[in-house]
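Q: One structure is given below, represented as structure tokens, and several questions about it will come after.
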Ligand SMILES: [Zn+2]
């Protein structure tokens, strides 16, 4: 399993009693400037002694969530609040904890990258849901980063210490950064190059740049701006962190306070006793995220995950999946489960209901096992970059599969697409007039009368009908689909009458 947030990072922890070189009075080098920055932050020894950092009470914004109504709409920033970021430098563990507000949607989330007996595992803790256990590659975040692991390689302490203990160093140059000239130099960090911007007055590190591999966006030149340095128990830490990826705003958070080496900080990494068996399962599986297959009707199956579900349609010689949701770890798990249950039947197609990143985070993972991604023409501006972006540092499953010549591609259809073989068929319809996204693709399996829809109505949950559910019912009637069963990208599987009753107001 590749840990994509750690770009070939050997020994993530840079802690304790190194042979720190004092900065030289003449001919500054990037290394000496980094040592100066460390001195300005409280000294190399004190920085080296930092074991945990907790940044608290952050507020700010996050973009690049792919939640627009139209694929070509500009993105409205989502709001982050109650942001707490915990970093354990000694053990290489990290937590993103925050509340995200995107339009009417609000969620309190906590993504925990922790370890059991030295092996990484991921925990996702969302208010109102049971704790979900997965491989680190299964973590998905809407916090300041899309994975908590970024905190390990992209925090100021690690970056400054790595640069200050670099094996060799060149003379810096002058470059503008955040509107003023800075001393700029590069350092090597576990095989990748980090560019550093030193403030010539305060000597602090005002920012750095590197190539991040974002799960959805792929390789992104990323620029981190560090501001509002404040004293935290003798260590100066930036309290305002702005991240730009691919030249576009990504996240910005202003923290209200911070602590260093607080013994209570590590409690957040503890694995609850009840989760131990699932943790062992996740560790043994490699790429893992919970997925269970349940039969809906002949040749139609529900792939229930902990948050974002898929539909599986069985044809005589292959399978089709609707919705490659959430993460590549979920797709890898789904592919394994299907290979087990349907030996000899490859996943030939993976249809996309809409491009929102939480519903397409597994698209690369299914393309990696050879599936052709089926998407509606209007979704192309969002879907093509997801599938075609390079993910090289390190390569993800699709990048590797492409090198082996075995990867699936992406195919666009306009309005309607039908896949059929031997009496089984899967129909895909692009539908307009749904508030959530324009257009939305509905999937329908006529044999069995099974509808699959995402984000419009949560079947089997006793949910009330909002405007999206009303529009869904209208769309199904307009298409004259004879639906008996409603399967949800969220929620579960229920009779179609449940939707009709909810829309009529009777629940
Ligand atoms: Zn959506």
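In the numbering used here, the protein residues as written are 10 to 516.
No residue lacks a Cβ here, since even glycine has one placed at the ideal position from N, Cα and C.
Every value quoted in this text rests on a predicted model; they were computed, and no experiment measured them.
1) Assuming residue 89 and residue 68 are in contact, meaning their beta carbons sit under 8 Å apart, how far apart are those beta carbons, in whole angstroms?
2) Would you say residue 463 touches ligand 1, meaning its beta carbon is less than 8 Å from a heavy atom?
3) Cutting at 6 Å between CB atoms, please list the residues of its own chain near residue 31, excluding the five before and the five after it.
4) On the three-pair Cβ rule with 8 Å, is the stretch 112–124 touching the stretch 139–157?
5) Taking 8 Å as the cut-off, is the beta-carbon of residue 367 closer than that to any non-hydrogen atom of ligand 1?
6) Cβ of residue 445 versus every heavy atom of ligand 1: is any distance shorter than 8 Å?
7) Hey, how far is the Cα of residue 383 from the Cα of residue 166?
8) Comparing the CB of residue 518 with every heavy atom of ligand 1, is any distance shorter than 8 Å?
9) Under the rule that 16 or more other beta-carbon atoms within 10 Å means buried, what is residue 40, buried or exposed?
10) Please say whether residue 162 and residue 186 have beta carbons closer to each other than 9 Å?
11) Mark residue 25 as exposed unless 16 or more other C-beta atoms lie within 10 angstroms of its C-beta, in which case mark it buried.
12) If we count the other Cβ atoms within 10 Å of its Cβ and call it buried at 16 or more, is residue 285 buried or exposed?
13) Spatial neighbours of residue 430 within its chain, please: CB distance less than 7 Å, with the 5 preceding and 5 following residues excluded, ordered by chain position.
14) Would you grab the beta carbon distance between residue 147 and residue 338 for me? Rounded to a whole angstrom, and I think it's under 8 Å.
15) Residue 76: beta carbon under 8 Å from a heavy atom of ligand 1?
16) Could you tell me which of 238, 287, 113, 242 sits nearest to residue 263, measuring between CA atoms?
17) At which residues does the beta strand (DSSP E) containing residue 340 begin and terminate?
18) Using a Cβ-Cβ cut-off of 7 Å (strictly less than) and excluding sequence neighbours within five positions of residue 517, which residues of its own chain qualify?
19) Measure the Cβ-Cβ separation of residue 246 and residue 232 and say whether it is below 9 Å.
20) Please classify residue 179: is it buried, with 16 or more other beta-carbons within 10 angstroms of its beta-carbon, or exposed?
21) Between the Cα of residue 436 and the Cα atoms of 414, 402, 385, which residue gives the shortest distance?
22) Hey, is residue 79 close to ligand 1, as in C-beta under 8 Å from one of its heavy atoms?
23) Out of curiosity, what's the CA-to-CA distance linking residue 406 and residue 336?
24) Taking the beta strand (DSSP E) that residue 250 falls in, what are its first and last residues?
25) At a threshold of 8 Å, does residue 388 count as lining ligand 1 (C-beta to nearest heavy atom)?
26) Residue 366 and residue 133: beta carbons closer than 9 Å?
27) What separation, rounded to the nearest whole angstrom, lies between the Cα atoms of residue 130 and residue 141?
28) Rounded C-beta distance between residue 465 and residue 490? I'm assuming under 8 Å.
29) Of all the options 73, 469, 240, which has the alpha carbon lying nearest to the alpha carbon of residue 391?
30) So what does DSSP say about residue 498, is it helix, strand or coil?
31) If we count the other Cβ atoms within 10 Å of its Cβ and call it buried at 16 or more, is residue 60 buried or exposed?
32) Helix, strand or coil for residue 50? Go by DSSP, reduced to three states.
33) Is it buried or exposed for residue 486, if we count other Cβ within 10 angstroms and need 16 for buried?
34) Could you give the residue range of the alpha helix (DSSP H) that holds residue 110?
35) Could you tell me whether the stretch 271–291 touches the stretch 97–106, where touching means 3 or more Cβ pairs closer than 8 Å?
36) Label residue 217 either buried or exposed according to how many other C-beta atoms from any shown protein chain fall within 10 Å of its C-beta, with 16 as the threshold for buried.
A: In brief:
1) As a first step, residue 89 is located in the chain shown; it is residue number 80 there, counting from the start. As a first step, residue 68 is located in the chain shown; it is residue number 59 there, counting from the start. The Cβ separation is near 7 Å, so the contact holds.
2) Walking along the chain shown from the start, residue 463 turns up at place 454. Yes.
3) As a first step, residue 31 is located in the chain shown; it is residue number 22 there, counting from the start. For residue 31, the predicted model reports a pLDDT of 46, less than 50, meaning its position is unreliable; a value from the coordinates is still stated below. No residues qualify anywhere along the chain.
4) Judged by pairs of C-beta atoms under 8 Å, the stretch 112–124 touches the stretch 139–157, as three or more such pairs exist.
5) By one-based count along the chain shown, residue 367 stands at place 358. Checking the Cβ of residue 367 against ligand 1 gives yes.
6) Position 436 of the chain shown, counting from 1, holds the residue named residue 445. Yes.
7) On the chain shown, position 374 is the one that residue 383 refers to. On the chain shown, position 157 is the one that residue 166 refers to. Rounded to whole angstroms, residue 383 to residue 166 spans 44 Å at the Cα level.
8) Limits of the chain in this structure are 10 at one end and 516 at the other, which puts residue 518 out of reach.
9) Sequence index remark: in the chain shown, residue 40 carries index 31 (1-based). Taking all protein chains in view, the Cβ of residue 40 is crowded by 16 or more other Cβ atoms within 10 Å, so the residue is classified as buried.
10) Here the question's residue 186 lines up with position 177 in the chain shown. Here the question's residue 162 lines up with position 153 in the chain shown. Inclusion of residue 186 and residue 162 in the CB contact set at 9 Å is not warranted, their separation being larger than that value.
11) Residue 25 sits at position 16 when you count from the first residue of the chain shown. Caution is warranted here: a pLDDT of 39 is assigned to residue 25, below 50, making its placement in the model unreliable, and no coordinate value can be reported.
12) In the chain shown, residue 285 corresponds to position 276, counting from 1. Per the 10 Å Cβ criterion, exposed.
13) As a position in the chain shown, residue 430 is number 421, starting the count at 1. Counting only Cβ-Cβ distances below 7 Å, and skipping sequence neighbours, we find 324, 325, 326.
14) Against the chain shown, residue 147 aligns to sequence position 138. Against the chain shown, residue 338 aligns to sequence position 329. Yes, they are in contact, since the Cβ atoms of residue 147 and residue 338 sit about 3 Å apart, within 8 Å.
15) For the purposes of this step, residue 76 is taken as the residue at position 67 of the chain shown. Indeed, a heavy atom of ligand 1 lies less than 8 Å from the Cβ.
16) As a position in the chain shown, residue 263 is number 254, starting the count at 1. The candidate whose alpha carbon is nearest that of residue 263 is 238.
17) Counting from 1 along the chain shown, the entry for residue 340 is found at position 331. Run containing residue 340: none in the beta strand (DSSP E); it sits in the alpha helix (DSSP H), 337–350.
18) Limits of the chain in this structure are 10 at one end and 516 at the other, which puts residue 517 out of reach.
19) Position 237 of the chain shown, counted from the start, is the residue given in the question as residue 246. Position 223 of the chain shown, counted from the start, is the residue given in the question as residue 232. Their beta carbons are not under 9 Å apart, which means residue 246 does not touch residue 232 by this criterion.
20) Position 170 of the chain shown holds residue 179. Exposed, because fewer than 16 other Cβ atoms sit within 10 Å of the Cβ of residue 179.
21) By 1-based counting over the chain shown, the position of residue 436 is 427. Selected option, being the one with the closest Cα: 385.
22) On the chain shown, position 70 is the one that residue 79 refers to. Answer for residue 79: no, Cβ out of range of ligand 1.
23) As a working mapping, residue 406 is identified with position 397 in the chain shown. As a working mapping, residue 336 is identified with position 327 in the chain shown. If you take the alpha carbons of residue 406 and residue 336, they lie about 12 Å apart.
24) On the chain shown, position 241 is the one that residue 250 refers to. Taken as a continuous stretch (DSSP letters only), the beta strand (DSSP E) holding residue 250 covers 244–254.
25) Your numbering for residue 388 matches position 379 in the chain shown. No, the Cβ of residue 388 stays beyond 8 Å of every heavy atom of ligand 1.
26) The residue given as residue 366 occupies position 357 in the chain shown. The residue given as residue 133 occupies position 124 in the chain shown. No; because the gap between Cβ atoms is not below 9 Å, this pair is not in contact.
27) If you number the chain shown from 1, residue 130 lands on position 121. If you number the chain shown from 1, residue 141 lands on position 132. Going from the Cα of residue 130 to the Cα of residue 141 covers about 11 Å.
28) Here residue 465 is taken as the residue at index 456 of the chain shown, counted from 1. Here residue 490 is taken as the residue at index 481 of the chain shown, counted from 1. So it is not a contact: roughly 14 Å between Cβ atoms.
29) The residue you call residue 391 lines up with position 382 of the chain shown. When only C-alpha atoms are compared, the closest one is 73.
30) Here the question's residue 498 lines up with position 489 in the chain shown. The answer is coil: DSSP assigns residue 498 none of H, G, I, E or B.
31) Numbered from 1 along the chain shown, position 51 holds the residue referred to as residue 60. Per the 10 Å Cβ criterion, buried.
32) The residue given as residue 50 occupies position 41 in the chain shown. In this structure, residue 50 counts as coil in the three-state DSSP scheme.
33) Numbered from its first residue, the chain shown carries residue 486 at position 477. Answer is exposed; the Cβ neighbour count stays below 16.
34) Here residue 110 corresponds to residue number 101 of the chain shown, with the count starting at 1. Looking at the DSSP string, residue 110 is not in any alpha helix (DSSP H); the run it does join, the beta strand (DSSP E), is 102–111.
35) yes
36) Walking along the chain shown from the start, residue 217 turns up at place 208. When all chains shown are included, residue 217 counts as buried.
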